[in-house]
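>
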Amino acid sequence: MASLSEKSILRPRENEDLMRPKFDRAGDNRRNSPPSTLKVATALGLAIGLASCGSLLGSSEPDTSASLGSVITADRSSRGLTGVGRASAEDNTAGGIGGFVVADEPQAVLIARDVLEKGGTVVDAAVSLYFTLAVTQPQAASLGGGGICLVHDRSARTTESIEFLPRRASAGGPVAIPGNVRGFALMHARFGQTSWSNLLAPAERLAATGTPVSRAMARSIQRNAVTIRGDQALARGLLAPSGLPLKELEEATQIELASTMGLIRSRGVSALYTGDAARVFATAIKDSGGNVSADDLRNYRPLVNDAGSVSAGAVTLRIPSATVGAGVFAENLWTGLQDIAPSDGAGAARAADAVALQLGAQGKLPDDLGSTGFAVSGANGDAVACAVTSNGSFGTGRTAGGTGVVMARSPDEPTSGLAPAFLAPVIAIAPDKATVAYVGASGGGPAAVAGVQQVARQLLTGDGTGLVDAIRAATPGPAPLVNAISCPLSPAGTTACEVGVDPNGAGLGAEAVGG
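Okay, so the sequence shown: first residue is 5 according to the working numbering, each after it adds one.
Structural data, given as structure tokens:
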């Protein structure tokens, strides 16, 4: 069985000693050459035959009228709390579907949906979605964390694994080098067409002027109230004046985070990672107990690799590259699941724990490791699946002084430092290497990977199982949560898509209106 090693977040040097512990954490911050440029996808051609929208100009207020935990269809009608919406060429003759978005937090989904409707690419939508999650799900999606995204370019018939995990500081210590801003900036540079400023403006506005606390956000605040009370910036933003956790629909304002978002919106990665800004950020991290240096920030580079793959009958399931532990674990688990019924979620979770132990985990790992996943598919057939983590809920529990940025724990941390190995973005590709059949994402412990793979297995058997039923069977416990989009091809070559929200959560799935 292959080694589950996070050493390969960076490409190994020639003759590098590969004999490391199986659960070696997110490796040292060795510098790499920038990845080669990949042309941005421009061709249209999803098998559904759906149209894309016009260009995105400006940053209008997002529609946040959706009920929590539901699926919102393209005509803005809610399918209720079932967690599934269907779209096909036959039932969307007026305007068409512009794409699908699903995540653990509703406001982020609605903002991403608006990006698609205004002509943005799936990566544009994913970027805007992520930065909104940094405001509404800071326990998992903090700017101080990192993650993995799979990006499928239909026109190029490629699926790439973009890796920007939290890495250990050169001087060690409890705080990781953050990767999220670098990672999503790289994705935008390669695949985006909407201005960076427009994509970040909604998140900045929510942090600055206040946002009604969603059910998903309220749950995370309640679960982590003790941690939040230990940091002044978190307490100011997420607790009521009484010191109690903010409740659903109460307003959360995060002024320091809004200021940092504004700098990133106007200056890009240079707001945190280069020049004097890197020195200022490194000093702020030091004030929170970390040893991340300005050189660590300057030298951080995301990596781009061809996504890993496993055979799933007629389709290929693309998973994170085997250069990171998430890819190694996903591939080994897929093999282990073949003797387990696709509908047996509990059995799959046990198998995932067993594989983790075989690969070097020390005992059973928790299901909540401060991670979250989301998925976006577009009318042109492109797709993105992402999972991000803070290496433990709210990471170190400390914000970098004056920034509002929750810092992720070091990958050297014995339990939560393993969170990157269980990030689970997946994309299932048809034999033509262009058509997307399934996009899913989850994050947490080993059960997160089992959940997203079991959903895929149920859908790909062709027995008629609906997406929400597949998710319910694959995730029998309250955590982790699986979010997915399913577009199985029919014998006639047409596609009916479903967007599925995990019934155990309070997320949202949305369909975007096409042009």
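Ideal Cβ positions, reconstructed from N, Cα and C, are used throughout, including at glycine.
Look at the alpha carbon of ARG413 and the alpha carbon of GLY421, and state the distance between them as a whole number of angstroms.
Their backbone Cα atoms lie some 7 Å apart in a straight line.
> Among the residues of its own chain, which have a CB less than 8 Å from the CB of ALA445, if the five just before and after it don't count?
Excluding residues within five positions, the ones whose Cβ falls inside 8 Å are GLY377, PHE378, ALA379, ALA389, CYS390, ALA391, ALA428, PRO429, VAL430, VAL456, VAL486, ASN487, ALA488.
> Are the Cβ atoms of ALA516 and VAL113 separated by less than 8 Å?
No, they are not a contact pair.
> For ASP310, write down the residues that DSSP places opposite it in a beta bridge.
DSSP lists GLU164 as partners of ASP310.
> Assign ASP343 to one of two classes, buried (16 or more other C-beta atoms within 10 Å of its C-beta) or exposed (fewer than that).
Counting Cβ neighbours within 10 Å, ASP343 comes out exposed, since fewer than 16 surround it.
> How is TYR304 classed by DSSP in three states: helix, strand or coil?
In the structure shown, TYR304 sits in coil (DSSP, three-state: anything other than H, G, I, E or B).
> Compute the Euclidean distance between the alpha carbons of GLY177 and SER159, then round it to the nearest angstrom.
Rounded to whole angstroms, GLY177 to SER159 spans 44 Å at the Cα level.
> Which two residues bound the contiguous beta strand (DSSP E) that contains ILE448?
Correcting the residue identity first, residue 448 is Gly in this sequence and not Ile. Element bounds for GLY448: n/a, residue is neither H nor E.
> Can SER174 and SER297 be called in contact, C-beta distance under 8 Å?
Cβ distance < 8 Å, so SER174 and SER297 count as in contact.
> Nearest to PHE188 by alpha carbon, out of GLY279, VAL217, PRO206, LEU307?
With distances taken between Cα atoms, PHE188 lies closest to LEU307.
> Under 8 Å, do GLU167 and VAL155 count as touching if we go by C-beta distance?
Going by C-beta atoms, GLU167 is not nearer than 8 Å to VAL155.
> Under 6 Å Cβ to Cβ from SER37, same chain only, skipping five residues before and after it: list those, please.
Because SER37 sits at a pLDDT of 34, beneath the cut-off of 50, its placement in the model cannot be relied upon, and the following sentence gives the value as read from the coordinates. Around SER37: no qualifying Cβ.
> Under 8 Å: do the region 252-270 and the region 203-212 share three or more Cβ pairs, one atom per stretch?
Contact holds: three or more Cβ-Cβ distances are below 8 Å.
> Taking the continuous beta strand (DSSP E) assigned at SER487, which residues delimit it?
Note that residue 487 is Asn in the sequence shown here, rather than Ser. Here the beta strand (DSSP E) through ASN487 covers 486-490.
> In the DSSP output, which residue or residues are listed as bridge partners for PHE104?
Note: PHE104 sits in a beta bridge opposite SER381, GLU515.
> Among ALA425, PRO492, ALA130, which has the Cα closest to the Cα of PHE195?
Checked all of ALA425, PRO492, ALA130; the closest Cα to PHE195 is ALA130.
> Return the residue from the list SER132, VAL139, ILE115, THR125 that minimises the CA-CA distance to VAL409.
Comparing Cα-Cα distances from VAL409 to each of SER132, VAL139, ILE115, THR125, the minimum goes to VAL139.
> In the structure shown, what three-state DSSP assignment does ASP299 receive?
Three-state result, ASP299: helix.
> With a threshold of 16 other CB atoms inside 10 Å of the CB of GLU255, please say whether the residue is buried or exposed.
Label assigned to GLU255: exposed.
> List the endpoints of the continuous beta strand (DSSP E) containing THR339.
Looking at the DSSP string, THR339 is not in any beta strand (DSSP E); the run it does join, the alpha helix (DSSP H), is 329-341.
> Kindly indicate which three-state DSSP category ALA510 falls into: helix, strand or coil?
Coil at ALA510, not helix or strand.
> How many angstroms separate the CA atom of THR162 from the CA atom of VAL126?
Going by the C-alpha atoms only, they are around 15 Å apart.
> Suppose contacts are defined by Cβ-Cβ distances below 8 Å. Is ASP436 in contact with ILE475 by that definition?
Result no, Cβ atoms of ASP436 and ILE475 do not sit closer than 8 Å.
> How about ALA510 and ARG186: do their beta carbons lie closer than 8 Å?
Not a contact, by the Cβ cut-off of 8 Å.
> With DSSP as the reference, label SER292 as helix, strand or coil.
If DSSP states are grouped into helix, strand and coil, SER292 belongs with coil.
> Using the rule of at least 16 other Cβ atoms within 10 Å of the residue's Cβ for burial, across every protein chain shown, is ALA514 buried or exposed?
Its Cβ being crowded by 16 or more others within 10 Å, ALA514 is buried.
> Hey, VAL341 and ARG461: beta-carbon distance below 8 Å or not?
Note that residue 341 is Leu in the sequence shown, not Val. Yes, the Cβ-Cβ distance between LEU341 and ARG461 is below 8 Å.
> Once the 5 residues before and after ARG283 are set aside, which same chain residues still bring their CB inside 7 Å of it?
Excluding positions up to five away in sequence, the list reads ALA298.
> Between GLN258 and PHE285, what straight-line distance do the alpha-carbon atoms span, to the nearest angstrom?
Roughly 18 Å between the two C-alpha positions.
> Is the CB-CB distance between ASP280 and GLY405 below 8 Å?
Result no, Cβ atoms of ASP280 and GLY405 do not sit closer than 8 Å.
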